[in-house]
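Colleague: First residue of the sequence shown? That's 8 in this note's numbering, and the numbers climb one at a time after it. Take a look at this one; I'll ask things after.
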Amino acid sequence: MSSLAILIEQINQAASICFLTISIVNFLLGAFGLLINIYVFTRPTLRQEPCSMYFLISSCYNLFVVFVVMPVRVLSNAYDISASNYNLGICKFEYFIFYATRATSVWLILLACIDRFLHSSPQRCLRQLSSMKTAKLAIATSSLFVPILYSHMIAYYELYNVTNANGNVVPSCRSRKGFYSTFFGFSHMVVYSLCPSFFMLTFGFLTIRNTQKRNHLVRRITAENMRTRRTNSQLLRMLTAQVLVIIIATLPFSIYQLYTSFTSILVKDTLRIAQENLFARITGIMTYFAHSSSFYLYTLTGTIFRKEAKKIFQHVSRIHTVDTEQQGIHVLQFRHQQMIPHLSRRQRQ
8 MSSLAILIEQ INQAASICFL TISIVNFLLG AFGLLINIYV FTRPTLRQEP
58 CSMYFLISSC YNLFVVFVVM PVRVLSNAYD ISASNYNLGI CKFEYFIFYA
108 TRATSVWLIL LACIDRFLHS SPQRCLRQLS SMKTAKLAIA TSSLFVPILY
158 SHMIAYYELY NVTNANGNVV PSCRSRKGFY STFFGFSHMV VYSLCPSFFM
208 LTFGFLTIRN TQKRNHLVRR ITAENMRTRR TNSQLLRMLT AQVLVIIIAT
258 LPFSIYQLYT SFTSILVKDT LRIAQENLFA RITGIMTYFA HSSSFYLYTL
308 TGTIFRKEAK KIFQHVSRIH TVDTEQQGIH VLQFRHQQMI PHLSRRQRQ
């Protein structure tokens with residue numbers, strides 16, 4: 008085996024190992040954390056906050072990403088098990104649903120940023136827009152609007168024979184070659200990464216400026232107002248952490264997709280294909296941290312979130328303690344019932 012073939016094999020092995028390792032970490036983090044998120048954001052302390060509603064629905068979308076999208080991608084990329092590479096209908100539907108779901112979860116975080124801006128506004132008419140009614144309407148609208156932005160995938164995703172990282176020609180579900188490939192790479196980068204990230208940063212900056220302005224106003228602060236301010240401040244910190252992770256996790260892969268669309272007409276040797284495959288797998292699987300890490304970010308940045316999450320473990324601990332005590336009582340009762348006939352026989356003797 009030549010040194011080039013050995014190098015290509017090492018690159019492919021590194022790509023597979025990195026992909027599987029990061030996938031397992033993402034799945035474990037998301038499976039545990041997102042279920043806790045849903046429980047916490049439905050607690051009485053937070054469920055009346057519009058921002059919490061955005062977090063809650065985003066967590067539901069992310070659950071789909073962790074439990075459906077990630078396993079399908081692992082089977083496809085690591086083990087070449089994918090019905091979408093052999094059936095055109097599944098190809099179109101699967102990629103459309105997977106891309107639209109992930110983008111919708113990110114846009115819901117953007118809506119949470121907008122809600123914090125509205126809530127912090129010194130103008131009463133804008134503050135009134137930060138409500139549960141507005142949140143429900145915005146969530147329904149984005150859940151329809153974002154899939155519409157990806158609806159072109161149903162028409163322009165097709166099956167092609169491509170050369171994989173090992174140099175073998177295999178069927179693959181991909182965007183139509185030519186202009187559409189470039190269009191899709193650019194549009195996905197805008198919809199999934201650039202546009203949400205830009206507006207998240209913009210509304211985050213405006214929210215901080217509004218908060219600073221309101222802090223200069225002299226007002227009578229009651230205990231209830233203090234609790235509300237602390238809750239809003241913690242929600243803002245949680246949101247800021249989520250935004251930064253989304254930007255860091257999604258932007259590299261979006262740039263890579265744009266790169267592949269521009270270089271799709273080039274003839275590439277096996278080494279370059281293997282190198283691009285390594286970069287694609289690492290940046291691609293890193294995007295899932297934007298969907299699986301929210302619980303840990305919220306725990307680090309939100310005191311109120313930590314308190315509600317802590318109640319879960321305390322409740323589970325109490326249930327376990329009660330069950331243990333009940334089991335002990337049942338054992339003692341059983342032993343006592345067994346001893347009564349024995350004592351009766353001894354008394355008769």
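We put the beta carbon where it would ideally sit given N, CA and C, even for glycine.
What do you get for P78, buried or exposed, if any count of 16 or more other CB atoms within 10 angstroms of its CB means buried?
Modeller: That one is exposed.
Colleague: For a quick check, are the C-beta atoms of Y102 and S91 less than 8 angstroms apart?
Modeller: yes
Colleague: Excluding five sequence neighbours on each side, which residues of the same chain lie with their C-beta closer than 7 angstroms to the C-beta of T218?
Modeller: S127
Colleague: Between I116 and S149, which are expected to be in contact by the criterion C-beta below 8 angstroms, what is the C-beta distance as a whole number of angstroms?
Modeller: About 11 angstroms separates the two Cβ atoms, so there is no contact after all.
Colleague: Please tell me whether L125 and R134 are closer than 8 angstroms, where the distance is taken between their beta carbons.
Modeller: yes
Colleague: In the DSSP assignment, what are the bridge partners of V177?
Modeller: V169
Colleague: Excluding the 5 residues preceding and the 5 following C98 in the sequence, name in chain order all residues of the same chain whose CB lies nearer than 8 angstroms to its CB.
Modeller: S91, N92, Y164, E165, L166 and C180
Colleague: Keeping to the same chain, check which residues put their C-beta closer than 6 angstroms to that of L350; ignore five residues upstream and five downstream.
Modeller: Below a pLDDT of 50, predicted positions are generally treated as unreliable, and L350, at 45, falls in that range; no measurement from the model is reported.
Colleague: Which value, in whole angstroms, describes the spacing of the CA atoms of V73 and G37?
Modeller: Computed Cα separation, rounded: 6 angstroms.
Colleague: Taking the C-alpha atoms as reference points, what is the distance between T306 and R313?
Modeller: 5 angstroms
Colleague: So what does DSSP say about S261, is it helix, strand or coil?
Modeller: helix
Colleague: Rounded to whole angstroms, what is the Cα-Cα separation between S188 and Y46?
Modeller: 41 angstroms
Colleague: Going by the CB atoms, is the gap between R288 and N84 shorter than 8 angstroms?
Modeller: At the C-beta level, N84 and R288 come within 8 angstroms of one another.
Colleague: Using the Cβ count rule (16 or more neighbours within 10 Å means buried), how would you classify S10?
Modeller: The C-beta of S10 has fewer than 16 other C-beta atoms within 10 Å across all chains shown, which makes the residue exposed.
Colleague: Less than 8 angstroms between C-beta atoms, sequence neighbours within five positions excluded: which residues of the same chain meet that for S138?
Modeller: If we look at S138 and ignore the five residues flanking it on each side, its Cβ neighbours are P57.
Colleague: Decide if R131 is buried, meaning its Cβ has at least 16 other Cβ atoms within 10 Å, or exposed.
Modeller: By the 10 Å Cβ count, R131 comes out exposed.
Colleague: Straight-line CA distance for L53 to F100?
Modeller: Per the coordinates, the alpha-carbon of L53 lies some 36 angstroms from the alpha-carbon of F100.
Colleague: Distance, Cα to Cα, P154 vs A110?
Modeller: 9 angstroms
Colleague: Can you list, in chain order, the residues of its chain whose CB lies under 6 angstroms from that of G291, leaving out five sequence neighbours each side?
Modeller: F260
Colleague: Leaving out the 5 sequence neighbours to the left and right, which residues in its chain are closer than 6 angstroms to M293 when beta-carbon positions are compared?
Modeller: A256
Colleague: Taking the Cβ atom as the reference point for each residue, do V250 and C120 lie within a distance shorter than 8 angstroms?
Modeller: yes
Colleague: Just the C-alpha distance for L258 and L201, rounded to the nearest angstrom, thanks.
Modeller: Between L258 and L201, the C-alpha separation is close to 7 angstroms.
Colleague: Tell me the rounded alpha-carbon separation between I254 and D276.
Modeller: 32 angstroms
Colleague: Based on the DSSP output, what are the partners of Y163 in its beta bridges?
Modeller: Y163 is not bridged to any residue.
Colleague: Counting along the chain, where does the alpha helix (DSSP H) carrying A90 start and finish?
Modeller: Neither: A90 is in no alpha helix (DSSP H) and is coded neither H nor E.
Colleague: Excluding sequence positions up to five away, which residues of its chain have a Cβ less than 8 angstroms from the Cβ of S158?
Modeller: Excluding residues within five positions, the ones whose Cβ falls inside 8 angstroms are F103.
Colleague: What does the alpha-carbon distance come out to for the pair V225 and T49?
Modeller: With a pLDDT of 45 at V225, under the threshold of 50, the predicted position of this residue should be treated as unreliable, and no value is reported.
Colleague: If you drop the 5 nearest sequence neighbours on each side, which residues of the same chain put their C-beta closer than 7 angstroms to that of T310?
Modeller: Q241
Colleague: By DSSP's criteria, S182 is part of a beta bridge. Which residues make up the other side?
Modeller: For S182, the pairing in a beta bridge is given by DSSP as Y164.
Colleague: Does T310 come out as helix, strand or coil in the three-state DSSP assignment?
Modeller: Assigned with DSSP and collapsed to three states, T310 falls in helix.
Colleague: Just tell me which of L246, V197 and I146 has its CA closest to the CA of F210.
Modeller: L246
Colleague: Determine the DSSP secondary structure at Q241, reduced to helix, strand or coil.
Modeller: Reduced to three states, the DSSP call for Q241 is helix.
Colleague: Taking the beta carbon of F212 as the centre, do at least 16 other beta carbons fall within 10 Å, making it buried, or is it exposed?
Modeller: exposed
Colleague: Would you kindly work out how many angstroms separate the C-alpha atoms of I15 and N171, rounded to a whole number?
Modeller: 12 angstroms
Colleague: Would you mind stating whether F381 and S182 have Cβ atoms separated by less than 8 angstroms?
Modeller: This structure does not reach residue 381, given that the chain is present from 8 up to 356, and the question cannot be answered.
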